[in-house]
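Notes to accompany the following structure.
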Amino acid sequence: MDYKQYIANKIKIENVGAEEIMSAIALPPNSDMGDYALPCFKFAKILRKSPVAIAEELKNNFATDDVISEVSAVNGYLNFKVNKSGLADSVLNRILNEGDSYGSSREGAGKTICIDYSSVNIAKPFHIGHLSTTVIGGALYKIYKFLGYNVVGINHLGDYGTQFGKLISAYKRWGDREEVQKGGIHAINDLYVRFNTEADEKMESEAREYFRLIESGDKEANELFEWFKELTLEYVNQIYKKLNITFDSYAGERFYTDKMQPIIDELKAKNLLKESEGAQIVDLEPYGMSPCLILRSDGASLYATRDLAAAVYRKNTYDFYKCLYVVAYQQNLHFKQVFKVLELMGKEWAKDLVHVAYGMVSLEDGAMSTRKGKVVWLEDVINKCIEKASAIINEKNPDLVNKEETANLVGIGAVIFGALYNNKIKDIVFSYDKVLSFEGETSVYVQYTCARANSVLSKREGGYKIPQNYSPNAQESEVIKALAAFPATVEDAAEKYEPSCVARYAVDLAQKFNKFYIECKILTAEGDAADFRLCLTKATLVTLKNALTLLGIGVPEKM
Ligand code: ARG
């Protein structure tokens, strides 16, 4: 139930719309005054009456009901009290009935959202820089599905470019089939790094020739390329599996090889293409941007050319309602250019393309050992978190069964939550101690709260049901209000492309529940209170689980 909306719909003010009334409704600093308040000062001018008189008049016209049980006018404020027992009853009923679909909706029915995320580069390290795109994209994927959208997850593979010529050249020179097969992505990366440190002009030109061979369909060159691609995907898929990430399409840059010419033709036909120093560009100066490069002087296509082709292909194939690109803010200009060019081409759907930009992740512990120079492999970060989680569990609860499984859920959850908790545009410094803290704003804290709820529920044999007309106390009411806010939170996260809304919500609900847990007896409470509190505990568990599931984080039974 959206109370602000409900209240706004019941209030009529001449020349003021319900929307405006709703946005003026606020939460009073102190809940003794009321659960919601409407300050009447801003209406004084329009109505030519004092705020005190307006509040008084609105109060007299407001009929209380089983949702809003009390209205009062105080010093120009109209204060509302929500019927707490009615609210508790409807929220608990809804959550206990809906279970793991609580918070879901059908608002997206009939609409398709494409999400371009993770988008790894073949034969290159899958490193900490890919963490945010992977987990933010993965969470948005789940959030939109939960809201009834048809979602297409796209891994726009970086599988195009001269680096593959270099790789083949390096492999032919120093590589060993069995070693590379066994060593996978790490062996491939070693070859690539070696090429870049040792290559002379002769090797560089050899690499260009190998790239040309891939392009022209040479069998051997293509077999090698496909093999490198396969080894990379095998590797990244293991990591996706740990992070609960899935894709519907792996159409990468190479997929658009034969789809760029029609775009170039169309740009020409629409007089958008210009020559500049031998290259073909779209001039974007009138829009305050540097030109968008379409073809290099040697006729080769560019990253932007393939993105233009990809956008058109996605529109034709999926007829998306929106197409999101979860890519670091370093590419702000690139996406502005690409979206602008599509707009200039007359694609009215260019307005439905969204660059979901996010900040950088760096490690607090810069000295962390990595297999290769400065690059921090994501796999190493995940493993280190699992290891640390395991050590913490061994210390806190050495007799726990399923210790390994729990350490996995806790460690992986910490990696995901660590990257998701902050507003996505902020740069973050990843700290192992921080993301694994039981006391902080962490997934571990939320998971621990779930384990606590599970433990209480397991002690009550036989059922419990929502008591009728129960009046919740202050701590219980806080939990109820937080529980009621979950569906709106999910919608908010989708609207802002901000999974952190869900992450913050989970911490907030867990904090309120823990305050209740510490201050109120549950199993030994008297009369209806025990039943009510058990229902509240169960509803909290359900809601916290739903929130974490949307982020791709699992919940251990015990901790
Ligand atoms: N592979 C690119 C990179 O690592 C990201 C691709 C993002 N998606 C896109 N359609 N451009 O920088």
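Residue numbering for the sequence shown follows the numbering used here, beginning at 2 and increasing consecutively.
We put the beta carbon where it would ideally sit given N, CA and C, even for glycine.
Span of the beta strand (DSSP E) holding residue 1?
-> Residue 1 is absent from the structure shown; the chain starts at 2 and stops at 560.
What's the C-alpha gap between residue 388 and residue 490?
-> Within the sequence shown, the letter at position 387 stands for residue 388. Within the sequence shown, the letter at position 489 stands for residue 490. Rounded to whole angstroms, residue 388 to residue 490 spans 33 angstroms at the Cα level.
So is the beta-carbon of residue 594 under 7 angstroms away from any non-hydrogen atom of ligand 1?
-> Within the shown structure, residues of the chain are numbered from 2 to 560, placing residue 594 beyond reach of any answer.
Where does the unbroken alpha helix (DSSP H) through residue 304 begin, and where does it stop?
-> What you label residue 304 is simply residue 303 of the sequence shown in a count that begins at 1. Note, residue 304: alpha helix (DSSP H), 304-319.
Going by C-alpha distance, which of 519, 529, 499 is nearest residue 139?
-> Against the sequence shown, residue 139 aligns to sequence position 138. Minimum Cα-Cα distance from residue 139 among the listed residues 519, 529, 499 corresponds to 499.
Should residue 311 be counted as a contact of ligand 1 given a C-beta to heavy atom distance under 7 angstroms?
-> As a first step, residue 311 is located in the sequence shown; it is residue number 310 there, counting from the start. Yes, ligand 1 has a heavy atom inside 7 angstroms of this Cβ.
Of the choices 179, 40, 167, whose alpha-carbon is the least far from that of residue 192?
-> By one-based count along the sequence shown, residue 192 stands at place 191. If we check each option's Cα against that of residue 192, 167 comes out closest.
Which of helix, strand or coil does DSSP assign to residue 425?
-> What you label residue 425 is simply residue 424 of the sequence shown in a count that begins at 1. Note: residue 425 maps to coil in three-state DSSP.
Given 8 angstroms as the limit, is there contact between the segment 205-214 and the segment 510-525, that is, 3 or more CB pairs closer than that?
-> No: fewer than three Cβ pairs fall under 8 angstroms.
Does the beta-carbon of residue 439 have 16 or more other beta-carbons within 10 angstroms, so that it is buried, or is it exposed?
-> By one-based count along the sequence shown, residue 439 stands at place 438. Exposed, since its Cβ has fewer than 16 Cβ neighbours within 10 Å.
Any idea which residues DSSP pairs residue 151 with across the strands?
-> Start at 1 with the first residue of the sequence shown, and residue 151 comes out as number 150. Paired residues: 113.
Hey, would you say residue 325 sits closer than 8 angstroms to residue 386, going by beta carbons?
-> Position 324 of the sequence shown, counted from the first residue, corresponds to residue 325. Position 385 of the sequence shown, counted from the first residue, corresponds to residue 386. For residue 325 and residue 386, no; Cβs fall outside 8 angstroms.
Alpha helix (DSSP H) runs contained entirely in the segment 133-177, provided each spans 4 or more residues = Correct list: 164-175.
Name the residue from 273, 261, 8 whose alpha carbon lies nearest to the alpha carbon of residue 300.
-> Reading the sequence shown from its first residue, position 299 is the one you call residue 300. Cα-wise, what sits closest to residue 300 is 261.
Taking 7 angstroms as the line, does the beta carbon of residue 133 fall inside it for any heavy atom of ligand 1?
-> Within the sequence shown, numbered from 1, the residue matching residue 133 stands at position 132. No; taking the cut-off as 7 angstroms, the Cβ of residue 133 has no heavy atom of ligand 1 nearer than that.
Should residue 122 be listed as close to ligand 2, given that the test is whether its C-beta is under 7 angstroms from any heavy atom?
-> Of the ligands one can find in the structure shown, namely ligand 1, none is ligand 2.
Nearest residue (CA-CA) to residue 508, options 496, 85, 480 | Here the question's residue 508 lines up with position 507 in the sequence shown. Cα-wise, what sits closest to residue 508 is 480.
Starting from residue 82, trace the beta strand (DSSP E) both ways and give me its first and last residue.
-> Taking the first residue of the sequence shown as 1, we reach residue 82 at position 81. It spans 78-83 - the beta strand (DSSP E) in which residue 82 sits, taken as one unbroken run.
List the endpoints of the continuous alpha helix (DSSP H) containing residue 469.
-> Position 468 of the sequence shown holds residue 469. That residue, residue 469, is in no alpha helix (DSSP H); it is neither H nor E in DSSP.
Residues bridged to residue 29 by DSSP?
-> What you label residue 29 is simply residue 28 of the sequence shown in a count that begins at 1. DSSP lists no partner for residue 29.
Is residue 249 near ligand 1, going by C-beta to nearest heavy atom under 7 angstroms?
-> The residue given as residue 249 occupies position 248 in the sequence shown. No, ligand 1 has no heavy atom inside 7 angstroms of this Cβ.
If you pair each beta-carbon of the segment 546-554 with each one of the segment 139-153, do three or more pairs fall below 8 angstroms?
-> Look at the beta carbons and you see the segment 546-554 touching the segment 139-153: at least three pairs across the two are nearer than 8 angstroms.
Buried or exposed (CB count within 10 angstroms, at least 16 for buried), residue 426 | Here residue 426 corresponds to residue number 425 of the sequence shown, with the count starting at 1. With fewer than 16 Cβ atoms within 10 Å of its Cβ, residue 426 is classed as exposed.
Give a yes or no on whether the C-beta atoms belonging to residue 257 and residue 310 are separated by under 8 angstroms.
-> Sequence index remark: in the sequence shown, residue 257 carries index 256 (1-based). Sequence index remark: in the sequence shown, residue 310 carries index 309 (1-based). In contact: residue 257 and residue 310 (Cβ atoms closer than 8 angstroms).
Within 8 angstroms, strictly: CB atoms of residue 97 and residue 540 | In the sequence shown, residue 97 corresponds to position 96, counting from 1. In the sequence shown, residue 540 corresponds to position 539, counting from 1. Yes.
Do residue 473 and residue 70 come within 8 angstroms of each other at the CB atom, strictly closer than that value?
-> Within the sequence shown, numbered from 1, the residue matching residue 70 stands at position 69. Within the sequence shown, numbered from 1, the residue matching residue 473 stands at position 472. Contact: no.
Say yes only if the C-beta of residue 308 is nearer than 7 angstroms to one or more non-hydrogen atoms of ligand 1, and no if none qualify.
-> Along the sequence shown, read from residue 1 onward, the residue named residue 308 stands at position 307. In terms of side-chain proximity, the C-beta atom of residue 308 is found nearer than 7 angstroms to a non-hydrogen atom of ligand 1.
Where does residue 298 sit, in a helix, a strand or coil, going by DSSP?
-> The residue given as residue 298 occupies position 297 in the sequence shown. In the structure shown, the three-state DSSP call for residue 298 is coil.
Would a C-beta distance cut-off of 8 angstroms place residue 362 and residue 420 closer than the cut-off?
-> Walking along the sequence shown from the start, residue 362 turns up at place 361. Walking along the sequence shown from the start, residue 420 turns up at place 419. Contact: yes.
Roughly how many angstroms lie between the CA atoms of residue 112 and residue 320, to the nearest whole one?
-> The residue labelled residue 112 in the question sits at position 111 within the sequence shown. The residue labelled residue 320 in the question sits at position 319 within the sequence shown. Distance from the CA of residue 112 to the CA of residue 320, rounded to the nearest whole angstrom, comes to 9 angstroms.
With 16 other CB atoms within 10 Å as the buried threshold, where does residue 524 fall?
-> Here residue 524 refers to the residue found at position 523 when the sequence shown is read from its first residue. Note on residue 524: under 16 other CB atoms within 10 angstroms of its CB, so exposed under the neighbour-count rule.
If you measure from the CB of residue 569, is any heavy atom of ligand 1 nearer than 7 angstroms?
-> The structure shown has nothing for residue 569, since the chain only spans 2 to 560.
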